[in-house]
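**Student:** I have a structure I would like to understand better, so I am pasting it below and will then ask my questions one at a time.
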Amino acid sequence: MERQELHLTKDRLLDAAEELFSDRGIDATSLRAVTSAAGANLASVNYHFESKDGLVRSVFLRRLEPLNNERLELLDALEVAAAGSPIELEAILDAWVMPALRMGQSPEGKRFKRLLGRIYSEPGDSLQTLLRELFGEILQRFSAAIGRTLPELSSEELMWRVHFMLGAMIHTVADQPSIRALSGGLCDPSDIEGVRRRLIDFVSAGLRSPMGREKLGPNPGTSE
Numbered sequence: 011m012e013r014q015e016l017h018l019t020k021d022r023l024l025d026a027a028e029e030l031f032s033d034r035g036i037d038a039t040s041l042r043a044v045t046s047a048a049g050a051n052l053a054s055v056n057y058h059f060e061s062k063d064g065l066v067r068s069v070f071l072r073r074l075e076p077l078n079n080e081r082l083e084l085l086d087a088l089e090v091a092a093a094g095s096p097i098e099l100e101a102i103l104d105a106w107v108m109p110a111l112r113m114g115q116s117p118e119g120k121r122f123k124r125l126l127g128r129i130y131s132e133p134g135d136s137l138q139t140l141l142r143e144l145f146g147e148i149l150q151r152f153s154a155a156i157g158r159t160l161p162e163l164s165s166e167e168l169m170w171r172v173h174f175m176l177g178a179m180i181h182t183v184a185d186q187p188s189i190r191a192l193s194g195g196l197c198d199p200s201d202i203e204g205v206r207r208r209l210i211d212f213v214s215a216g217l218r219s220p221m222g223r224e225k226l227g228p229n230p231g232t233s234e
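So the sequence shown is numbered by our numbering: it starts at 11 and just counts up by one.
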């Protein structure tokens, strides 16, 4: 019974932290606010998570570990089917984005998507360290798969394009209400299949776009 109560307390702390972090921001939310919302005490945070940083990490891991595991399973299946040949670019992108779009259909997923945007917008070394921990391995795997499919890209160019890819995908997943507001309701972010198709079409075109400095004018302020 005691073990069950400890588990329930941990879940209440995670739920309360996720809600408060997504609404107020991580830095602006105190541990006391979390424990008050969870009906727990500060000692329970120390027991389960050791610190606020540990709590933040656990909040993200609870959602992102299963999400990233699903992504890796999909990529593994694609690589097995390809048997060493390059994988279709759109299939790689689908393995990355579709699990996240599906996650956002639940109330918990919608709340977490708001929180996910915080990790990119709030400054701080601890959040950047967490970002590398959460996405380092999976980003390496997907970048390598894209690189094999687009061998004409240098390592530097590949990473720039993957960076732009992540920006488009993260913004779309984490802040879907913006497109509804900015389009005056013309674009419907709840149309998951429509979002999926448009996002993958857009990102794949950017990843495949030819290099060509001659297409751009000279940099402002240079003598070119």
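Virtual Cβ for every residue (Gly too), placed ideally from N, Cα, C.
Pull up the distance between the alpha-carbon of residue 215 and that of residue 175, whole angstroms please.
**Tutor:** As a first step, residue 215 is located in the sequence shown; it is residue number 205 there, counting from the start. As a first step, residue 175 is located in the sequence shown; it is residue number 165 there, counting from the start. The straight-line gap from Cα to Cα measures roughly 10 angstroms.
**Student:** Measuring CB to CB, does residue 72 end up less than 9 angstroms from residue 59?
**Tutor:** On the sequence shown, residue 72 is found 62 positions in, with the first residue counted as 1. On the sequence shown, residue 59 is found 49 positions in, with the first residue counted as 1. No.
**Student:** Hey, how far is the Cα of residue 163 from the Cα of residue 157?
**Tutor:** Within the sequence shown, numbered from 1, the residue matching residue 163 stands at position 153. Within the sequence shown, numbered from 1, the residue matching residue 157 stands at position 147. For residue 163 and residue 157, the distance between alpha carbons rounds to 7 angstroms.
**Student:** Going by the CB atoms, is the gap between residue 84 and residue 109 shorter than 9 angstroms?
**Tutor:** By one-based count along the sequence shown, residue 109 stands at place 99. By one-based count along the sequence shown, residue 84 stands at place 74. Yes.
**Student:** Does the beta-carbon of residue 79 have 16 or more other beta-carbons within 10 angstroms, so that it is buried, or is it exposed?
**Tutor:** One-based indexing of the sequence shown puts residue 79 at position 69. Around the CB of residue 79, fewer than 16 other CB atoms lie within 10 Å, so the residue is classed as exposed.
**Student:** Contact defined as beta carbons within less than 8 angstroms: I believe residue 123 pairs with residue 184. What is the distance between those atoms, to the nearest angstrom?
**Tutor:** In the sequence shown, counting from the first residue as 1, residue 123 sits at position 113. In the sequence shown, counting from the first residue as 1, residue 184 sits at position 174. Yes, residue 123 and residue 184 are in contact; Cβ-Cβ is about 5 angstroms, under 8 angstroms.
**Student:** Skipping 5 residues on each side, what residues in its chain have a beta carbon closer than 8 angstroms to that of residue 29?
**Tutor:** Position 19 of the sequence shown holds residue 29. Once the five neighbours on either side are set aside, the close Cβ partners of residue 29 are 47, 121.
**Student:** Examine the Cβ distances between the region 199-210 and the region 98-115 and report whether three or more of them are shorter than 8 angstroms.
**Tutor:** yes
**Student:** Could you tell me the distance, in whole angstroms, from the CA atom of residue 181 to the CA atom of residue 100?
**Tutor:** Taking the first residue of the sequence shown as 1, we reach residue 181 at position 171. Taking the first residue of the sequence shown as 1, we reach residue 100 at position 90. Whole-angstrom Cα-Cα distance: 19 angstroms.
**Student:** Using only CA atoms, which one of 74, 93, 145 lies nearest to residue 112?
**Tutor:** For the purposes of this step, residue 112 is taken as residue 102 along the sequence shown, with counting starting at 1. Among 74, 93, 145, the Cα nearest to that of residue 112 is on 74.
**Student:** Less than 9 angstroms between the beta carbons of residue 20 and residue 54, yes or no?
**Tutor:** For the purposes of this step, residue 20 is identified with residue 10 of the sequence shown, where counting begins at 1. For the purposes of this step, residue 54 is identified with residue 44 of the sequence shown, where counting begins at 1. Contact flag set, yes.
**Student:** Ordered along the chain, which non-local residues of its own chain (more than five positions away) have a Cβ less than 6 angstroms from that of residue 172?
**Tutor:** In the sequence shown, residue 172 corresponds to position 162, counting from 1. Same-chain partners within the cutoff: 153.
**Student:** If you reduce the DSSP assignment to three classes, tell me which class residue 89 lands in.
**Tutor:** On the sequence shown, residue 89 is found 79 positions in, with the first residue counted as 1. Here residue 89 sits in helix by DSSP.
**Student:** Within 10 angstroms of its Cβ, does residue 139 collect 16 or more other Cβ (buried), or is it exposed?
**Tutor:** Counted from its first residue, the sequence shown places residue 139 at position 129. An exposed status is given to residue 139, since fewer than 16 other beta-carbon atoms sit within 10 Å of its beta-carbon.
**Student:** Mind reading off the beta-carbon distance from residue 23 to residue 43? Whole number of angstroms is fine, and I expect it under 8 angstroms.
**Tutor:** Residue numbering aside, residue 23 sits at position 13 when the sequence shown is read from its first letter. Residue numbering aside, residue 43 sits at position 33 when the sequence shown is read from its first letter. Not a contact, Cβ separation roughly 12 angstroms.
**Student:** Among 219, 32, 221, 205, whose alpha-carbon lies nearest the alpha-carbon of residue 117?
**Tutor:** By one-based count along the sequence shown, residue 117 stands at place 107. Residue 32 is the option with its Cα nearest to residue 117.
**Student:** Let me know if residue 155 comes out buried or exposed under the rule of 16 or more other beta-carbons within 10 Å of its beta-carbon.
**Tutor:** Against the sequence shown, residue 155 aligns to sequence position 145. Buried is the call here.
**Student:** State the Cα-Cα distance for the pair residue 200 and residue 161, rounded to the nearest angstrom.
**Tutor:** Residue numbering aside, residue 200 sits at position 190 when the sequence shown is read from its first letter. Residue numbering aside, residue 161 sits at position 151 when the sequence shown is read from its first letter. C-alpha separation (whole angstroms): 35 angstroms.
**Student:** Once you ignore the five residues that flank residue 39 on each side, which residues in its own chain have a CB closer than 7 angstroms to its CB?
**Tutor:** Taking the sequence shown and counting its residues from 1, one reaches residue 39 at position 29. Hits under 7 angstroms: 30, 31.
**Student:** For residue 186 and residue 221, what's the separation of their Cα atoms in angstroms?
**Tutor:** To locate residue 186, count along the sequence shown from 1; it is residue 176. To locate residue 221, count along the sequence shown from 1; it is residue 211. Roughly 31 angstroms between the two C-alpha positions.
**Student:** Give the C-beta separation of residue 82 and residue 148 to the nearest angstrom, bearing in mind that I take them to be a contact with Cβ-Cβ under 8 angstroms.
**Tutor:** Position 72 of the sequence shown, counted from the first residue, corresponds to residue 82. Position 138 of the sequence shown, counted from the first residue, corresponds to residue 148. Right, the Cβ-Cβ distance comes to about 6 angstroms (below 8 angstroms), so this counts as a contact.
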